[in-house]
Each structure stands twice: as structure tokens, then as C-alpha cells.
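Beneath this line is the structure, given in C-alpha cells, with notes to follow.
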Amino acid sequence: MENIIFSSELTIPDVVVLRNLADDIQRHREANAPNSKPHHDGGYSSNTSADKKTDAVAGHGVSADRDAADIRKLTALNDAESSDFLPTAIYEHVVVPYVAWARGIVRHDTDVIMLTHLILYFTTSVPSALWLYYRFNYFRGILHFVIQFWYMGTYTLMMHQHIHMNGILAKKPFLRLADAYFPYITDPLMGHTWNSYYYHHVKHHHIEGNGPDDLSSTIRYQRDDILNFLHYVGRFFFLVWLDLPIYFFSKGRKLNAAKTAFWELSDYFFLYTLFCLNSRATTFVFLCPLLILRLGLMVGNWGQHAFVNADEPDSDFRSSITLIDVPTKDGLTVTGEVDLRILLATRKS
């Protein structure tokens, strides 16, 4: 097979496969040739030697050992943890430069994925929402809602870090401004009302820690009772706009009470105004995500919230967390849930 020439423009996987085939042909010819002699590696196969008797199937010229070695080689070329890993052109010329650029935009290198999602939302969700208000049809409305439903989980996880860390982008003048105001655009698209996640989760939930004064606590409910579940979900759905300001007011935090009421009611007024202008688009762009997200948050609380110790319900050490099939709480570790700054400080050091 000396007449076979491999182009220098072939990829490494192509060369491995073609040399394997060429070697098969040569082995087959030599095995069936009159007065055939033991096969010697002619340079067409992979690096595996063909001298072992067990290395070939008599009469066919197939080398099982060589095939196995070539398969291992091809697998390693696609394994990012292998020393033989071969980055694709897209990885080398698009992904690597993008990550290098993105590291200068976010606060922590590991948050590049959050910037990627933020770009995704502003290049898909926002244009799609605007287009539905410009020219609505039900197919696009349903498709838009399905995409938003797909985004909700990752967006909420991103905002979980955002509200705990007061932002995710680098502390530069323009980025600081973008970091502060992008949630006012994306939050309603993902089913969140303005600033409610921050006041409910950081200023209220983490203060009370699932105790008796925590509005999202399940301590007073029987969690295998459907009526208790409906009461829990219904109260959050219809009364959170009132319950949370009352909670802050009762704790003497009147400014937080006023801010919470202002932002929640402002969001409702915003949605009402848009509904009057275009009811169909508003239903699919804002109302459906709002209903589904709030239902999802409450179902998640109901199924995963802490079992509070009845003797010391305010104790941070005697409550237990529901864990199903996994060794850690989804999203973040327990330490990170107590204070995300601790988690990031540890990671940074």
C-alpha cells in the first residue's frame, strides 16, 4: 500500500481511521498471498504493533488490538480531561477568546456562564417579547412561553447569586449600571416581580430561617394534605403583596415595608397597563411566566423546605433539610445558602 498518500489537511481522527483501513487492506493481502510472510508494519496503521500472533484474525487481516488502540485514541481526542484532547476550531477560535473577554466582564471567573445566559436572554427573550407586542399570533406566543419556562430555572439561580452579592458583573461604571438595571427588564419576563425576590428571600427568608415568622415556612402545615398545600400556595399567590409589607412593618422595618409594597404594586400596575394595551401578548409574555414561576417556587418550598424543630423553631442548628436522591441541596451548598459571600470568599482564596 505504498501508493497511499495521506493529505496534510486531513484531521487527526481522519488519519487514524484511514490508516486503520489501509492497514486492514495490507494485512488481508499479505495473509492471503502465496508464500505469505509475517506481516510487518508498513507505517499505515496506528502506533500499535502487529507482531503478536493474537493481534490478527487469521485469513482476514483484522487486528483487534490495533482497533482497540485506535478507538481509545479517537475517544481521547474528544475527552477534555485527556492529554490527547484535541480542541475543535470553534473551541479554539470562538470559545477560548470569548471566555477570556467574559472574564473581564464578570466579578468571578466562574460566573462567565451567568454572563452567557444573560446574553442569551437579551438576544432571545427580549426580542421575542417585543415582536409579540408588534405582531402577535398564538403559535409564537406559545413558543415564547415554552422557551421562558425552559429559562426560568437557570435565570432564578442566576438571580439568587445576584441578590446575595448585589450583582454579578464587574464593578466598573457602565457594568455597575447595567448590573443594577437589567433585572427590571428580565425579571418580569421570567415571572419575577420587581425586587420581590430580594426582599422576600434575603431580607425576610434568611432572617427568619424557616422559623415561625417565616412567611414561606411550612411549620404550620401538614405536607401530605392537599388542602394544606392549596392553602399554602393560595396565600402566597394572592396575599404576598400584603403579607410581606405587614411582616416588615411588624418587625419595625418600615422602610422595607414601604419599598416592598411599592415595587410589588408597581409591577402589578405595569402588567395591568400592558394587559389593557395588548391582552394576548401580555398573557403569554408576562402573566403565564408569573403564574408558573410562583407555583414552581411554592411547590419547591413545600417539597424541600426544612423540618423545623418544634422545641426550638428559631434554632439554626436543630432544623433538618429535606434531601432526595442527592447529597447536597440543589443550586448551592448549605454553607452558600446561609451566606453566599462565605462560599465565594472561600472559592476565591
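In our numbering, the protein residues as written are 18 to 366.
Note that CB positions come from ideal geometry on N, CA and C, so glycine has one too.
Values in this document were obtained by computation on a predicted structure and should not be read as measured data.
The straight-line gap separating the alpha-carbon atoms of H222 and D87 is approximately 56 Å. For the pair of segments examined, the stretch 163 to 179 was found to touch the stretch 130 to 144: the number of CB pairs separated by less than 8 Å reaches three. Runs of alpha helix (DSSP H) with 4 or more residues, each lying fully within the stretch 124 to 194, are found at 129 to 151 and 155 to 182, listed in chain order. Taken through DSSP and simplified to helix, strand or coil, F324 comes out as strand. Between P306 and F156 a beta carbon distance of about 18 Å is seen, past the 8 Å cut, so the two are scored as non-contacting.
With a beta-carbon spacing of about 51 Å, T210 and D101 fall beyond the 8 Å limit used to define contacts. Annotated as proximal: R124 and I185, with beta-carbon spacing under 9 Å. Scanning I243, I29, I164 and I224 for the CA closest to the CA of F303 turns up I164. Proximity of the stretch 89 to 106 to the stretch 24 to 39 meets the contact definition, three or more beta-carbon pairs being nearer than 8 Å. The C-alpha of R252 lies about 55 Å from the C-alpha of L103. Note that the C-beta distance between V325 and P262 is not below 9 Å. With respect to the 9 Å criterion, T277 and S213 are classified as neighbours on the basis of their beta carbons. Here the alpha carbons of A197 and F23 stand approximately 57 Å from one another. Taking the CA atoms as reference points, D128 sits about 25 Å from G313. By the C-beta density criterion, P200 is buried, having at least 16 other C-beta atoms within 10 angstroms.
For L272, the enclosing alpha helix (DSSP H) stretches over residues K271 to L294. Straight through space, the alpha carbons of I107 and K220 are spaced by roughly 44 Å. Distance between Q239 and N245, taken at the CA atoms: about 6 Å.
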